Every structure is written in C-alpha cells, then in structure tokens.
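Student: Going from the sequence shown to my numbering is simple: count from 1 and add 3.
Submitted below is the structure of interest, expressed as structure tokens.
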Amino acid sequence: MIGCSGRSILLIFAMPNKPGEFSRFDFPEVLPAPLNEIWAILKNSEMLTWAEKVKFAIGLLPAIIGGQSYVDAQDGITVKD
Numbered sequence: 004m005i006g007c008s009g010r011s012i013l014l015i016f017a018m019p020n021k022p023g024e025f026s027r028f029d030f031p032e033v034l035p036a037p038l039n040e041i042w043a044i045l046k047n048s049e050m051l052t053w054a055e056k057v058k059f060a061i062g063l064l065p066a067i068i069g070g071q072s073y074v075d076a077q078d079g080i081t082v083k084d
C-alpha cells in the first residue's frame, strides 16, 4: 500500500506475550488495497495464528466488498452500537 506520502506501509506491533519483541506487517506496493492488507496479514507468522487470520479476514469482508462507501458509512458507529 502506498501512503499519501508515496512511501510503502509497514506496521510494527509489540508482541503481547514476548516483551521486547516485535512483529511486522509488510504491505506490498505491487498489490492494490485491500489485497495488500490481506497479503500482509497472511504473511505474518509471528503474531497471528491461522484461526486469528481467518477471523480477521471474515471481519474485513464487508469493507472489501462494500468499498470506501461502506467504510465511510461506519464512521459514526461505535462498538457498543
């Protein structure tokens, strides 16, 4: 994914059960969003189990199918809603 600044995206997270260790999600520039996000999630083997990856993918389906209009429509909705 290319950010607004024209740079590729790399997300780094602290490992919850491994203090001082980090896990990275690399978003390949050659794939358009949201495919690059799916790729980054699937390629991460340090932080997410396959079961967690499947749950994450299911949660992303509405945004992938509905596109930006779906994402924009969710802006005012809270977790409680």
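Cβ coordinates follow ideal geometry from the N, Cα and C atoms, glycine included.
Computed from a predicted model, the values in this text were never measured in an experiment.
Checking 9 Å against the spacing of the C-beta atoms, do Ile2 and Phe25 come in under that value?
Tutor: Residue 2 lies beyond the residue range present for the chain, which begins at 4 and ends at 84; the question has no answer from this structure.
Student: Which residues in the same chain as Trp42 place their Cβ atom closer than 8 Å to its Cβ, once the five residues preceding and following it in sequence are excluded?
Tutor: Locating residue 42 in the sequence shown gives position 39, where the first residue counts as 1. For Trp42, where only same-chain residues beyond five positions count, the Cβ hits under 8 Å are Phe30, Pro31, Leu34.
Student: Can you tell me where the beta strand (DSSP E) holding Leu13 begins and where it ends?
Tutor: Within the sequence shown, the letter at position 10 stands for residue 13. Segment 12-17, the beta strand (DSSP E) holding Leu13.
Student: Look at the alpha carbon of Met18 and the alpha carbon of Met50, and state the distance between them as a whole number of angstroms.
Tutor: The residue you call residue 18 lines up with position 15 of the sequence shown. The residue you call residue 50 lines up with position 47 of the sequence shown. Those two C-alpha atoms are separated by around 7 Å.
Student: Quick check: what's the CA-CA separation for Leu64 versus Ser11?
Tutor: Here residue 64 is taken as the residue at index 61 of the sequence shown, counted from 1. Here residue 11 is taken as the residue at index 8 of the sequence shown, counted from 1. Each residue's Cα considered, the two are about 23 Å apart.
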